[in-house]
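Residues in the sequence shown are numbered from 2 upward in steps of one, following my numbering.
Just so it is clear, CB atoms sit at the ideal spot from N, CA and C, and this is done for glycine as well.
Structure, as structure tokens:
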Amino acid sequence: MRYLTFALTKGRLAGKTMDMLEKIGITCEEMRDKSSRKLIFVNEELKLKFFLAKGPDVPTYVEYGAADIGVVGKDTILEEGRKLYEVMDLGFGACRMCVCGPESAREVLANNQLIRVATKYPNIAKDYFYNKKHQTVEIIKLNGSIELAPIVGLSEVIVDIVETGSTLKENGLKVLEEVCPLSARMVVNQVSMKMEDERIRGLIRELRTVLDEGVSSAGAGIHA
Ligand code: PRP
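This is how it looks when you write it as structure tokens:
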């Protein structure tokens, strides 16, 4: 049996992925050591390998087959536009991609004016403004702390991830429009999906059961 390789998004998503995999009996003890700088981990018994990559690189590893499976945010999948199969919504890491800005930007946005949009996600922003809203805008690519842009006058609005909303609130900004909901997804290399069909489908089935159990027990909690 050959190794099945997972590319995980370094950080919180990788931790949550391992929590979920543990529920179906897939463990990787050495990955739990937070002080370790190691990037590749092996479960010899199950013939699985895990490596930790930067989010935007996960779809790249999966498209080229360096990883059979990836776990990455939907934002990254949309932005990178790689050729791969998105097979499952894992539910965690839920947040929203939004157009945000000061309340005063609501009007310029509605009036179809030529505005500047700062974002870490130029492809998502382009698709939203050009293809969905048919609005011509100037997109400015930034690498982080996007909320700064409308405050210091670089752009009228931003397209960014909103999770709790505290970053917006603490900087006097608001959600003006919602682009799409986001969460962690499992992606699979197109060739691996054929070659390792049984193993990968088995894995998806087991994870679905865990997810469904989670949903029904959460539901039970609500109705109790
Ligand atoms: C993300 C995002 C927002 C913030 C949203 O930034 O770009 O700034 O989190 O979260 P909230 O709604 O819970 O406040 P991140 O912390 O990843 O850093 P970045 O600014 O470098 O992108």
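Comparing C-alpha distances from Ile78 to each of Asn132, Val63, Phe7, Asp20 shows the shortest one belongs to Val63.
The C-beta separation of Lys11 from Lys55 comes to about 6 Å, placing the pair in contact by the 8 Å criterion. Secondary structure of Asp20 (DSSP, three-state): helix. Its chain contains Gly94 as the residues whose beta carbon lies nearer than 8 Å to that of Arg13, once the 5 sequence neighbours on both sides are disregarded; these appear in chain order. The beta-bridge partner set that DSSP reports for Val192 is empty. Here the distance from the Cβ of Leu155 to the nearest heavy atom of the ligand PRP is not below 7 Å. According to the DSSP secondary-structure assignment, Gly102 is paired through a beta bridge with Lys175.
Placement of the Cβ of Glu148 at a distance of less than 7 Å from at least one heavy atom of the ligand PRP is found.
Burial check for Leu40: the Cβ neighbour count within 10 Å stays below 16, so the residue is exposed.
Annotation for Tyr122: no alpha helix (DSSP H) segment contains it, and DSSP assigns it neither H nor E. Residue Leu85 holds the alpha-carbon nearest to the alpha-carbon of Pro60 among Ser37, Val43, Leu85, Leu47.
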